[in-house]
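Numbering (the working numbering), first residue to last: 311 to 540.
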């Protein structure tokens, strides 16, 4: 039986986190919510919805993801697949079955949920997000021959392949680091179109000018760094 664990980084997502957890298919073995300095009821609501709740005081998306991975690494029975999912209810957690299908059916190493235009709710992605995605994936195509169209956070990867990536980014560069390292290590990958809706609450990254700039700089830094690596 394939063992699947979900890691959800969350910062002040009290109004959405239970919805996310409740919509995750029952085939998942464990849902791990990493509270990234939440000051509201995120942790309580996540626990009440049945998730394992961890705390990560260092601020940053990557910090939260690494905390979840560290927790899993200490478990006796390791999972086969790790799924990453945001806690704001912008993705449709029930589509997890679509995300993991290529791994189960075709032995693909890495799957990204692509937020394609025709499946996106109007206003669910900001102009800066759309442009940033286009720029990052275009550069990855030019430099590495990649076929990515999105840096979507809803993604699944074989656990052993994830460990081999040796992920290090602590903040905004987590998603692009994973994609770049997957390319470098020649993992098999595919994008699966997913639905995307307006998030509950305000984004901590794309919802602010500062967050958008920092995210953009971090993503471009990773791409240029890897374009000069042998």
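For every residue, glycine included, the Cβ atom is placed at its ideal position computed from N, Cα and C. Keep in mind the model is a prediction, meaning the values are calculated, not measured.
Closest option to residue 470, judged by alpha-carbon separation, among 372, 391, 359 and 358: 391.
Taking C-beta atoms as the reference points, residue 352 and residue 322 count as a pair closer than 8 angstroms.
The distance from the Cβ of residue 328 to that of residue 346 is about 17 angstroms, inconsistent with a contact at the 8 angstroms cut-off.
Counting along the chain, residue 441 sits inside the alpha helix (DSSP H) bounded by residues 437-454. In terms of Cα proximity to residue 395, the closest of 529, 386 and 407 is 407. Taking the Cα positions, residue 439 is about 18 angstroms away from residue 370. Straight-line spacing of the CA atoms in residue 389 and residue 312 works out to 8 angstroms. For residue 437, the number of other beta carbons within 10 angstroms of its own is below 16, and it is reported as exposed.
Considering only 362, 324 and 442, the residue with the shortest C-alpha distance to residue 349 is 324.
Counting along the chain, residue 359 sits inside no beta strand (DSSP E), nor does DSSP assign it H or E at all.
Shown here for residue 372: same chain residues with a beta carbon closer than 6 angstroms to its own, the five before and five after excluded, namely 479, 480, 481 and 484 in chain order.
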